[in-house]
Amino acid sequence: MLKRFQESNPTKVDIWRQPFKPNKPVDIVVSPAVKRDLLILIQMFRLHFEEVLPDLSESLSKVPRASSLSQRTHVDEFSLDEYHTYDEINWWLYDMERRHSTMMTVFEVGRSWEDRSMLAVKISSPDRTSASKPAVWLDAAIHANEWIGPATLLYFIQQFVTNYDHDPTVKKLIDTFDWYLLPVFNVDGYVYSWKEDRLWRKNRSKQGNSTGCVGVDLNRNWDAKFEEHTVTDKCSAIYPGPSAFSERESQVVSSFLRRHPVIVAAVSYHSYSQFWMIPFGYSKSKHPSNYNQLMNMSAAAVEALRQVHGTQYEYGSIDDLVGQTFGSSIDYIYDTLGIPYVFGVELRDRGHYCALLPPNQIIPNAEESLAAITKLASMIPETLPGNRESSESQ
Numbered sequence: 001m002l003k004r005f006q007e008s009n010p011t012k013v014d015i016w017r018q019p020f021k022p023n024k025p026v027d028i029v030v031s032p033a034v035k036r037d038l039l040i041l042i043q044m045f046r047l048h049f050e051e052v053l054p055d056l057s058e059s060l061s062k063v064p065r066a067s068s069l070s071q072r073t074h075v076d077e078f079s080l081d082e083y084h085t086y087d088e089i090n091w092w093l094y095d096m097e098r099r100h101s102t103m104m105t106v107f108e109v110g111r112s113w114e115d116r117s118m119l120a121v122k123i124s125s126p127d128r129t130s131a132s133k134p135a136v137w138l139d140a141a142i143h144a145n146e147w148i149g150p151a152t153l154l155y156f157i158q159q160f161v162t163n164y165d166h167d168p169t170v171k172k173l174i175d176t177f178d179w180y181l182l183p184v185f186n187v188d189g190y191v192y193s194w195k196e197d198r199l200w201r202k203n204r205s206k207q208g209n210s211t212g213c214v215g216v217d218l219n220r221n222w223d224a225k226f227e228e229h230t231v232t233d234k235c236s237a238i239y240p241g242p243s244a245f246s247e248r249e250s251q252v253v254s255s256f257l258r259r260h261p262v263i264v265a266a267v268s269y270h271s272y273s274q275f276w277m278i279p280f281g282y283s284k285s286k287h288p289s290n291y292n293q294l295m296n297m298s299a300a301a302v303e304a305l306r307q308v309h310g311t312q313y314e315y316g317s318i319d320d321l322v323g324q325t326f327g328s329s330i331d332y333i334y335d336t337l338g339i340p341y342v343f344g345v346e347l348r349d350r351g352h353y354c355a356l357l358p359p360n361q362i363i364p365n366a367e368e369s370l371a372a373i374t375k376l377a378s379m380i381p382e383t384l385p386g387n388r389e390s391s392e393s394q
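Just so it is clear: in the sequence shown, position 253 is 253 by the UniProt record's numbering, and no numbers are missing.
What follows is the structure in structure tokens.
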């Protein structure tokens with residue numbers, strides 16, 4: 001019913017959280033021009049509804065804009081309880097690298113469709129004695145409007161490099177694993193979400209169609225049952241692209257992961273819904289070979305998270321929590337690259353603010369997320385199966 005309503009009003013209706021199972025919430029944004037029609041439809045089917053954001057334009061007017069780093073000369077003036085632009089994030093990463101050069105290396109994973117640098121960070125113990133130490137990969141903002149993801153990874157970076165000498169828990173994390181963090185995966189879309197459209201989700205690749213629609217959902221563009229996609233509308237927010245790995249951003253990240261067999265765990269941060277997810281999204285019946293282990297790790301991670309601020313997360317497979325999804329990064333990373341511990345995390349909240357999570361929730365969200373990743377890392381076995389081919393290291 002909702003899908004047909006959206007299809008008949010493509011420019012006036014946007015479904016933020018898709019309907020996939022009975023008795024699960026759905027988030028819909030509608031233009032005032034069709035609001036009355038939607039209410040009639042809801043009443044006809046006797047559905048319960050709640051108006052969460054009565055005036056989206058008013059909510060968007062409160063979105064924080066870029067702070068003026070041109071007046072800043074020191075990393076200490078960069079506030080982690082604010083959202084930051086692409087340029088600000090890159091400035092901070094390089095400044096942190098300068099101050100913590102024995103632990104932190106900033107490098108370019110690749111370049112985007114609009115030729116922006118996709119900067120990642122490697123964090124290692126200062127002695128860097130073990131070249132074969134296992135590694136963990138973290139990424140965020142594969143969807144451009146999910147600003148809480150980059151803010152969370154910046155907090156992780158700051159905690160890792162500043163607390164190594166003072167916090168035994170952080171020291172163990174860094175001594176046990178190397179950490180690769182990509183704060184902004186979808187750099188072009190992220191820039192666009194600051195300059196033009198706060199709710200922009202896709203990348204900015206030109207699709208060459210007469211409608212002028214731009215962009216691909218980068219989390220539908222991986223070669224994980226990509227051929228099962230049914231979305232062909234290039235204007236759709238979840239358009240997967242013309243083919244698997246058609247997009248430069250997904251190409252360069254998958255290539256990096258393939259070249260680094262020391263990576264034994266990967267976590268991709270999204271928002272929103274407060275879900276901790278494991279593969280698979282493309283199948284209702286197939287489970288990972290280490291399903292029980294992944295579920296136990298997820299249960300422990302969400303419990304560690306809950307103990308910080310009382311925030312409740314659900315955990316389970318992608319299909320169980322958000323519905324069937326083809327072409328996702330974590331399905332490909334687990335299935336094809338053979339990385340054994342792979343998770344997708346939908347950060348705060350559960351729909352009150354949706355993608356517009358206010359800055360005062362950045363630090364609480366990051367604190368509980370760090371507790372979860374710390375617990376998760378502690379459960380990764382020290383001896384891991386050699387299921388990936390060796391290659392060069394970063």
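All residues carry an ideal CB built from backbone N, CA and C; glycine is no exception.
Backbone CA spacing between residue i and residue j [nearest angstrom]
i    : j    : result
A237 : N203 : 10 Å
P359 : Y190 : 17 Å
A371 : A301 : 8 Å
H229 : P240 : 8 Å
R111 : D319 : 31 Å
E303 : M44  : 40 Å
L321 : W179 : 28 Å
V121 : V106 : 5 Å
P32  : W194 : 25 Å
Y282 : I330 : 11 Å
G212 : D233 : 12 Å
S285 : R99  : 49 Å
I42  : T311 : 31 Å
E249 : Q207 : 15 Å
I333 : A266 : 8 Å
N296 : W200 : 35 Å
Top-ranked residue by Cα proximity to residue i, from the options
i           : options                   : result
Q361        : D331, I89 and H309        : H309
M104        : W200, T162 and E146       : T162
residue 440 : G110, H143 and P261       : Here the chain has residues from 1 to 394 only, and residue 440 is not among them.
L181        : H229, S246, I157 and F275 : I157
I123        : M96, E146 and H143        : M96
A244        : F343, Q207, K225 and K234 : K225
D167        : R116, T374 and Y94        : T374
G316        : L257, L294 and F326       : L294
L93         : L154, S289 and A141       : L154
F280        : T311, P288 and S273       : P288
F160        : D233, E146, N145 and T176 : T176
L376        : A141, A144 and K172       : K172
I263        : S117, S132, W113 and Y164 : S132
residue 395 : G338, G215 and D165       : Absent from the model: residue 395. The displayed extent of the chain is 1 to 394, so no value can be given.
Extent of the continuous alpha helix (DSSP H) to which residue i belongs
i    : result
E88  : Y86 to R99
E249 : R248 to R259
I238 : Neither: I238 is in no alpha helix (DSSP H) and is coded neither H nor E.
A378 : It is Ser, not Ala, that sits at residue 378 in the sequence shown. Element bounds for S378: I362 to S378.
D115 : Run containing D115: none; DSSP gives neither H nor E here.
R173 : Reading off the sequence shown, one finds Leu at residue 173, where the question assumed Arg. Looking at the DSSP string, the run of the alpha helix (DSSP H) that includes L173 is P168 to T176.
V161 : I148 to N163
Whole-number beta carbon distance between residue j and residue i, since they are thought to touch under 8 Å
i    : j    : result
S369 : W222 : Contact doesn't hold; Cβ gap of about 23 Å is too wide.
P150 : P126 : The Cβ separation is near 26 Å, so there is no contact.
V187 : Y86  : 6 Å
F275 : E346 : 4 Å
F343 : M277 : 6 Å
S268 : L357 : So it is not a contact: roughly 18 Å between Cβ atoms.
Run of the beta strand (DSSP E) containing residue i, from where it starts to where it stops
i    : result
I263 : I263 to S271
A135 : A135 to A140
Residue i beta carbon near the ligand SAM (any heavy atom closer than 6 Å)
i    : result
R350 : This structure lacks the ligand SAM, and indeed carries no ligand of any kind.
Could you pull out every unbroken beta strand (DSSP E) segment of at least 3 residues lying fully inside the segment 178-215, listed in chain order?
178-182
For the segment 278-349, list the alpha helix (DSSP H) runs that are entirely contained and at least 4 residues long, ordered along the chain.
291-309, 318-322 and 329-335
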